[in-house]
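A quick write-up on the structure given underneath.
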Amino acid sequence: MTIKAVAFSRCACGKERGYDDERTAAKALGRAQAKRDRLGERKGHRRGLYRENRYYECQYGMFHLTSQSRAEYLGAAA
0 MTIKAVAFSR CACGKERGYD DERTAAKALG RAQAKRDRLG ERKGHRRGLY RENRYYECQY
60 GMFHLTSQSR AEYLGAAA
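Taking numbering that gives the first Met the number 0, the leading residue of the sequence shown gets 0, the next gets one more, and so forth.
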């Protein structure tokens, strides 16, 4: 079995994983969600599992994954 990784690089904002464009970030998000779902299925529950919900663009023009929903983000930013 081969691992199909999505290309990422270190971002100037200091985060380990930054994706160059929106399409790559969306692909990485789908793969991350599928990985977490498979892990939850193996465990028999998904309680306490970190799960990426969306991607966002940082101030340096790269995209990152986050588990925070947009509503949570807007509430925290206010």
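Note that the Cβ used here is the ideal one computed from N, Cα and C, for glycine as well.
Look up residue i in the DSSP assignment and say whether it is helix, strand or coil.
{"i": "Glu51", "result": "coil"}
{"i": "Gly39", "result": "helix"}
{"i": "Lys3", "result": "coil"}
{"i": "Arg46", "result": "coil"}
Nearest by alpha-carbon distance to residue i: which of the options is it?
{"i": "Ala24", "options": "Leu64, Tyr72, Gly60", "result": "Leu64"}
{"i": "Arg22", "options": "Gly74, Met61, Ala75", "result": "Met61"}
{"i": "Arg35", "options": "Leu48, Ala75, Ala27, Lys26", "result": "Leu48"}
{"i": "Arg58", "options": "Lys14, Ala33, Lys3", "result": "According to the sequence provided, residue 58 is Gln. The question's Arg does not apply to it. When only C-alpha atoms are compared, the closest one is Lys14."}
{"i": "Ala33", "options": "Ser8, Lys3, Tyr55, Phe7", "result": "Lys3"}
From the DSSP output, which residues share a beta bridge with residue i?
{"i": "Gly17", "result": "Ser8"}
{"i": "His63", "result": "Tyr55"}
Would you mind giving the Cβ-Cβ distance between residue i and residue j, rounded to the nearest angstrom? I have them listed as a contact below 8 Å.
{"i": "Arg69", "j": "Arg53", "result": "7 Å"}
{"i": "Arg46", "j": "Val5", "result": "Between Val5 and Arg46 the Cβ distance is about 27 Å, and since that is not below 8 Å, they are no contact."}
{"i": "Ala27", "j": "Tyr18", "result": "6 Å"}
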